[in-house]
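Participant: Sharing a structure with you now.
Protein chains: 2
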Amino acid sequence: MSIIGKPVEEVSTPALLLDLDKFQWNIDKMFKFARKAKVNVRPHSKTFKAAAICNKLIEAGACGVMTQKLSEAEVLQSSGILYGDKNILISQEISDPEKLERLVGMTVAMGQGKVITSLDNLQEAEMISRIAERWKVKQDVLIEVTHGRCGVNPGEDAVKMAQRIVKLKGLNFRGIYGYENPVPRETALERNKKTVDTANAIRAAGIEVEIVSAGSTATYEVTGTYPGITEIEPGSFVFGAGKEGSGYGWETINDVYFKSSLTVLTQVISDNFENRVVTDAGAKVMSGGHEGVEPVVLVQADGEYLDFERVGLSEEHGTIYFKEGDPNRKKLRWGQKIEFTPNHCCTTVNQHDEIMVVKDGYVCSIWPITARGKYQ
Amino acid sequence: MSIIGKPVEEVSTPALLLDLDKFQWNIDKMFKFARKAKVNVRPHSKTFKAAAICNKLIEAGACGVMTQKLSEAEVLQSSGILYGDKNILISQEISDPEKLERLVGMTVAMGQGKVITSLDNLQEAEMISRIAERWKVKQDVLIEVTHGRCGVNPGEDAVKMAQRIVKLKGLNFRGIYGYENPVPRETALERNKKTVDTANAIRAAGIEVEIVSAGSTATYEVTGTYPGITEIEPGSFVFGAGKEGSGYGWETINDVYFKSSLTVLTQVISDNFENRVVTDAGAKVMSGGHEGVEPVVLVQADGEYLDFERVGLSEEHGTIYFKEGDPNRKKLRWGQKIEFTPNHCCTTVNQHDEIMVVKDGYVCSIWPITARGKYQ
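Chain order of the listed sequences is F and S. The working numbering puts the first sequence at residues 1 to 376. The working numbering puts the second sequence at residues 1001 to 1376.
This is the structure:
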């Protein structure tokens, strides 16, 4: 029996919920900003992993999507997001020859320019080029410029690699990618400068640089208005998080604000004691989230955020502890359905097979988390 | 093209691996102990969630399995583990009327006594009883005795609840369950005493107590030899964890030892810098694991454990950092496949759709993680 059309209270717990209006508000805000700033938005689908959400974002004006993994791109390629000039950018390097075959095979199947990959290694570039030449296509690539994880050094190292890449017959060099992390404004500006300076240095060497991709939800305004950045890659803005602010881990870096649209519906399964109640949502459902973030979840009961002492997430239980005599304890009763907000939306969504889409308190759709568990 | 029969080096990364010989060694050790101690073993399938592993354990002599969730029981019921007198015990309380219908429906379908549930609440007991009476079956139940999470107080409270339960016509009271956590020997003994004393107090009230269930991998010897305990519920022993010892979080409580059989195969995808290499396995693949456990993963390269400064698990990257000049850095190269050992096997397995079974370095089978994502 379908849950569609039923009130959210009838959904079996634990279940992942999306408030459609808040979600749409977040999308509208991001794309209104982008139109004004004249910057492309390439949402990072590692956050939401759902083809339905990719489609919503493409419809809102996204230039394409970013995926972290090849297998995410593989399952999203057939979702209708690749029409017109839209494309997928894979932001993680690939060092496996078998996967590089899969990458180029996807380009053969979907059309040249539909799938772009980032790289930081000449071996990878040469391997891709050989495969593409065999297929008689060109594989679009970007160079990742490092800000501390993968990548090559900004500046001279990146220029040298671009010079090598443009000589490889199977590759089509599109530009550079520099993930800058969710950082404060000043750090983002420093990193943006390095990224854009690198793009200009490559141009000075006579090589066209079309795409200069950077930015996260936490830095979307800073990076999205930085001259020379052509596209930003926010992901978590679709979900917001927390009572106030955006992103995850309860941080509101750079005064970014999006509405909190993602919760996990859970239920009080045990209430025999004065200082605690136990719910059916533990770490497997909420994900471990961000270490050291307090509180580990936010709790809503009867639509209101609830104060408590702490929540302990064991594997399959969420235990809400109260100080002795706290009147908030009485707001919770056996069998009651309540909502947890996770402190890391990206890892939490990945725990689930589907998300219940809720409008005005009623379930209107169930969206599969299409790329859940796609790690390769 | 199937990977079966191929060397593990050909498996695409990241992938969950199980060393079959070490896994079997762990099973043999546990059941050898149990036969000598004359205690039943009811492995906790929340750890491994795979029907194939349930079957291996039933074959080794398990009296049944434990699941944390109703939906785990639902997907495992059809896996062939319920022959003869074998059964499934659901260890988490249920407060949802719709799920209680599902619980009793399973008993109707599979046969009375095949599915036992634990409870700590009279409303739940009465709801189950009404449903069972309607179906004209009796639903087997246990009372959970609390050691700090769900449950009722040991002693008088448990006796009172047993007295109420045996009056309910739709229920068949089988005994008590007291999860004692992975605790040191002394604490386990205190908790065992409370559990067994409670069983005896219920018996003194004229009620038969057949099952007295407790114990984890960390306490299997302590609890498994405690007079009056009829069954133990270890889970993580099948995987062991770490270079030495067992369980998870690198703890070797009570000198428990099982072999480390579970790893995640990952690959070096970026190696441009002297102080770090980056792999394709991050927190989504390894799970957040246990907070504050250092190192967050163990690293094997070319079959040997590797020393490093720290591993940073971001969502989809595992970055291995080295101190300047550390010769271990040179043991890692771009494209190399290495193995991570997770510090929490239960949450890690739940991230994956399947596990690659490896014997002598070759893949011999792929086992689906049948109950992955079954949280309800």
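Where a beta carbon is used, it is the ideal one built from N, C-alpha and C, also for glycine. Quantities reported herein were computed from a predicted structural model and do not represent experimental measurements.
Between Q163/F and A205/F, what straight-line distance do the alpha-carbon atoms span, to the nearest angstrom?
Facilitator: Residue numbering aside, residue 163/F sits at position 163 when the first sequence is read from its first letter. Residue numbering aside, residue 205/F sits at position 205 when the first sequence is read from its first letter. Whole-angstrom Cα-Cα distance: 8 Å.
Participant: Kindly indicate if chain S contains any beta-carbon less than 8 Å away from that of Q139/F.
Facilitator: The sequence position of residue 139/F within the first sequence is 139, counting from 1. Not one chain S Cβ lies under 8 Å of Q139/F.
Participant: Counting only C-beta atoms, is H1044/S closer than 8 Å to chain F at any point?
Facilitator: Sequence index remark: in the second sequence, residue 1044/S carries index 44 (1-based). Chain F contact via Cβ: absent.
Participant: How many angstroms separate the CA atom of D1096/S from the CA atom of K49/F?
Facilitator: Taking the second sequence and counting its residues from 1, the one referred to as residue 1096/S is at position 96. Taking the first sequence and counting its residues from 1, the one referred to as residue 49/F is at position 49. Taking the straight line joining both Cα atoms gives about 29 Å.
Participant: Over the uninterrupted beta strand (DSSP E) stretch that includes Y177/F, give me the two end residues.
Facilitator: Indexing the first sequence from 1 puts residue 177/F at position 177. Start and end: 171 to 178.
Participant: With DSSP run on the structure shown, which of helix, strand or coil describes P327/F?
Facilitator: As a working mapping, residue 327/F is identified with position 327 in the first sequence. The answer is helix: DSSP assigns P327/F an H, G or I state.
Participant: Under 8 Å between C-beta atoms, does D280/F make it to chain S?
Facilitator: Residue numbering aside, residue 280/F sits at position 280 when the first sequence is read from its first letter. True, the Cβ-Cβ gap to chain S drops below 8 Å.
Participant: Compute the Euclidean distance between the alpha carbons of N1121/S and A1073/S, then round it to the nearest angstrom.
Facilitator: The residue labelled residue 1121/S in the question sits at position 121 within the second sequence. The residue labelled residue 1073/S in the question sits at position 73 within the second sequence. Roughly 21 Å between the two C-alpha positions.
Participant: Using only the alpha-carbon positions, how far apart do G1325/S and N192/F sit?
Facilitator: Along the second sequence, read from residue 1 onward, the residue named residue 1325/S stands at position 325. Along the first sequence, read from residue 1 onward, the residue named residue 192/F stands at position 192. Near 31 Å, if we compare the C-alpha coordinates of N192/F and G1325/S.
Participant: Pick out whichever of Y375/F, Q376/F, V358/F, T370/F has its Cα sitting closest to the Cα of A15/F.
Facilitator: Counting from 1 along the first sequence, the entry for residue 15/F is found at position 15. Minimum Cα distance to A15/F is reached at V358/F.
Participant: Which residues, in order along the stretch 1334 to 1363 of chain S, keep a beta-carbon less than 9 Å from a beta-carbon of chain F?
Facilitator: Taking 9 Å as the Cβ-Cβ cut-off against chain F, the residues of the stretch 1334 to 1363 of chain S that qualify are W1334, G1335, Q1336, K1337, H1344, C1346, T1347, N1350, Q1351, H1352, D1353.
Participant: Any beta-carbon of chain S closer than 8 Å to the one on A109/F?
Facilitator: Here residue 109/F is taken as the residue at index 109 of the first sequence, counted from 1. No - not a single Cβ of chain S is within 8 Å of the one on A109/F.
Participant: Taking 8 Å as the CB-CB limit, is R1293/S close to chain F?
Facilitator: Within the second sequence, numbered from 1, the residue matching residue 1293/S stands at position 293. A quick correction: the sequence has Val, not Arg, at residue 1293/S. Cβ-Cβ to chain F under 8 Å: no for V1293/S.
Participant: For A1158/S, which option in H1317/S, G1148/S, E1144/S has the closest C-alpha, if you only look at C-alpha atoms?
Facilitator: The residue you call residue 1158/S lines up with position 158 of the second sequence. Cα-wise, what sits closest to A1158/S is E1144/S.
Participant: Beta-carbon within less than 6 Å of M66/F's beta-carbon, same chain only, minus the 5 sequence neighbours each way: which residues are those?
Facilitator: In the first sequence, the residue the question calls residue 66/F occupies position 66. Taken in chain order, the residues that qualify are R42, H44, L89, S91, E233.
Participant: Which one or two residues does DSSP pair with R276/F in a beta bridge?
Facilitator: As a first step, residue 276/F is located in the first sequence; it is residue number 276 there, counting from the start. BP columns for R276/F point to F273/F, Y321/F.
Participant: Which residues does DSSP list as the beta-bridge partners of S1118/S?
Facilitator: As a position in the second sequence, residue 1118/S is number 118, starting the count at 1. L1142/S, per the DSSP bridge assignment.
Participant: Please compile the residues from chain S whose C-beta is within a distance smaller than 7 Å of the C-beta of E98/F.
Facilitator: As a working note, residue 98/F is residue 98 in the first sequence. Result: S1012.
Participant: List the residues of chain F whose Cβ lies closer than 7 Å to the Cβ of R1149/S, in chain order.
Facilitator: Residue mapping note: residue 1149/S aligns to position 149 of the second sequence, counting from 1. Result: V278, H317, T319.
Participant: Can you list, in chain order, the residues of the stretch 1074 to 1088 of chain S whose Cβ is nearer than 9 Å to any Cβ on chain F?
Facilitator: Hits within the stretch: zero.
Participant: Whole-angstrom Cβ separation of V222/F and N254/F, contact assumed at under 8 Å?
Facilitator: As a working mapping, residue 222/F is identified with position 222 in the first sequence. As a working mapping, residue 254/F is identified with position 254 in the first sequence. With a Cβ gap of about 6 Å, V222/F and N254/F count as contacting.
Participant: I'd like to know whether the C-beta of I1131/S is nearer than 8 Å to at least one C-beta of chain F.
Facilitator: Translated into the one-based positions of the second sequence, residue 1131/S becomes position 131. I1131/S does not count as touching chain F.
Participant: Pair every Cβ in the stretch 367 to 376 of chain F with every Cβ in the stretch 1002 to 1016 of chain S, then say whether three or more of these pairs are closer than 8 Å.
Facilitator: Contact holds: three or more Cβ-Cβ distances are below 8 Å.
Participant: With a threshold of 8 Å between beta carbons, is K1069/S in contact with chain F?
Facilitator: Taking the first residue of the second sequence as position 1, residue 1069/S is located at position 69. Cβ-Cβ to chain F under 8 Å: yes for K1069/S.
Participant: Comparing C-alpha positions only, which one of H1290/S, Y1083/S, L1020/S sits nearest to W1250/S?
Facilitator: Along the second sequence, read from residue 1 onward, the residue named residue 1250/S stands at position 250. The residue with the shortest Cα to Cα distance from W1250/S is H1290/S.
Participant: Can you tell me the Cα-Cα spacing of G303/F and F273/F, whole angstroms?
Facilitator: Position 303 of the first sequence, counted from the first residue, corresponds to residue 303/F. Position 273 of the first sequence, counted from the first residue, corresponds to residue 273/F. Computed Cα separation, rounded: 24 Å.
Participant: Within 10 angstroms of the Cβ of D1271/S, are there 16 or more other Cβ atoms? Answer buried if so, exposed if not.
Facilitator: Counting from 1 along the second sequence, the entry for residue 1271/S is found at position 271. Its Cβ being crowded by 16 or more others within 10 Å, D1271/S is buried.
Participant: Can you grab the Cα-Cα spacing for the pair G1035/S / I1027/S, in whole Å?
Facilitator: Along the second sequence, one-based indexing puts residue 1035/S at 35. Along the second sequence, one-based indexing puts residue 1027/S at 27. Inspection of the sequence shows that residue 1035/S is occupied by Arg rather than by Gly. R1035/S and I1027/S: Cα-Cα distance of roughly 12 Å.
Participant: Which residue spans inside the stretch 165 to 252 of chain F form an unbroken alpha helix (DSSP H) run of at least 4?
Facilitator: Correct list: 185 to 204, 220 to 224.
Participant: Alpha carbon to alpha carbon, how far is P154/F from I1269/S?
Facilitator: Within the first sequence, residue 154/F is the residue found at index 154, counting from 1. Within the second sequence, residue 1269/S is the residue found at index 269, counting from 1. P154/F and I1269/S: Cα-Cα distance of roughly 19 Å.
Participant: Could you work out which residues of chain F lie near K1330/S, taking near to mean beta carbons separated by less than 9 Å?
Facilitator: For the purposes of this step, residue 1330/S is identified with residue 330 of the second sequence, where counting begins at 1. None at all; the shortest Cβ gap to chain F is about 17 Å.
Participant: By the criterion of Cβ-Cβ separation under 8 Å, what are the contact partners of D302/F in chain S?
Facilitator: Counted from its first residue, the first sequence places residue 302/F at position 302. Result: empty, since nearest Cβ-Cβ is about 17 Å, beyond 8 Å.
Participant: For a contact defined as C-beta to C-beta under 7 Å, what are the partners of I377/F on chain S?
Facilitator: In the structure as shown, chain F starts at 1 and stops at 376, and residue 377/F therefore has no counterpart that could be examined.
Participant: From G1148/S, T1146/S, G1151/S, M1106/S, pick the residue whose C-alpha is nearest to that of D1140/S; which is it?
Facilitator: Counted from its first residue, the second sequence places residue 1140/S at position 140. The shortest Cα separation from D1140/S among G1148/S, T1146/S, G1151/S, M1106/S belongs to M1106/S.
Participant: Using 8 Å for Cβ pairs, my map puts A218/F next to V183/F. What's the rounded Cβ distance?
Facilitator: Counted from its first residue, the first sequence places residue 218/F at position 218. Counted from its first residue, the first sequence places residue 183/F at position 183. The Cβ separation is near 7 Å, so the contact holds.
Participant: Residues in the same chain with beta-carbon distance under 6 Å from Q1068/S, minus the five sequence neighbours each way, listed in chain order, please.
Facilitator: Position 68 of the second sequence, counted from the first residue, corresponds to residue 1068/S. Cβ within range, chain order: K1046, S1091, Q1092.
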